[in-house]
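K.L.:
Numbering (this note's numbering), first residue to last: 825 to 930.
(1) Look at residue 882 and residue 889 and say whether their C-beta atoms are less than 8 Å apart.
(2) Considering only C-alpha positions, which residue in the set 885, 900, 905, 835 is nearest to residue 873?
(3) Is the separation between the beta-carbon of residue 899 and that of residue 862 shorter than 8 Å?
(4) So, using beta-carbon positions, are residue 901 and residue 878 closer together than 8 Å?
(5) Anyone know if the C-beta pair for residue 909 and residue 838 falls short of 8 Å?
(6) Identify, in the order they occur along the chain, each residue of the same chain with its Cβ nearer than 6 Å to the Cβ of residue 892, setting aside the five sequence neighbours on each side.
(7) Please classify residue 831 as buried or exposed, where buried requires at least 16 neighbouring CB atoms within 10 angstroms.
(8) Excluding the 5 residues flanking residue 884 on each side, which residues of the same chain have their C-beta closer than 7 Å to its C-beta?
(9) Leaving aside the five residues before and after residue 858 along the sequence, list all residues of the same chain whose C-beta is less than 6 Å from its C-beta, in chain order.
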């Protein structure tokens, strides 16, 4: 993994580099002219919970996604759903690799 891939993987809190997820994110950020700093700050509020209703998925990052239309909203919902799946996988791996891990916030 090169330095850029490592940085993006860590920035997103992933266990491994996911080219497709990161490419879609960067495309969404560019198309909607989203401020990167604000977006990544808000992204930390997204919960690794597969049961969040679709209507609530964008709430934590809403302030970064100013005036997006229905089509772009669907693109972001799709990305957040995929992101949550990746984060949940990381949490699952961490919990089963380190079952006595005292970190209850993972």
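Note that CB positions come from ideal geometry on N, CA and C, so glycine has one too.
P.N.:
If we stick to the structure as given:
(1) Here the question's residue 882 lines up with position 58 in the chain shown. Here the question's residue 889 lines up with position 65 in the chain shown. Contact flag set, yes.
(2) As a position in the chain shown, residue 873 is number 49, starting the count at 1. Minimum Cα distance to residue 873 is reached at 905.
(3) As a first step, residue 899 must be located in the chain shown, where it is residue number 75. As a first step, residue 862 must be located in the chain shown, where it is residue number 38. Not a contact, by the Cβ cut-off of 8 Å.
(4) To locate residue 901, count along the chain shown from 1; it is residue 77. To locate residue 878, count along the chain shown from 1; it is residue 54. Cβ distance < 8 Å, so residue 901 and residue 878 count as in contact.
(5) The sequence position of residue 909 within the chain shown is 85, counting from 1. The sequence position of residue 838 within the chain shown is 14, counting from 1. Contact: no.
(6) To locate residue 892, count along the chain shown from 1; it is residue 68. So the list reads 856, once near-sequence residues are dropped.
(7) In the chain shown, residue 831 corresponds to position 7, counting from 1. Exposed is the call here.
(8) Looking up residue 884 in the chain shown gives position 60. For residue 884, where only same-chain residues beyond five positions count, the Cβ hits under 7 Å are 866, 869, 870.
(9) By 1-based counting over the chain shown, the position of residue 858 is 34. If we look at residue 858 and ignore the five residues flanking it on each side, its Cβ neighbours are 888.
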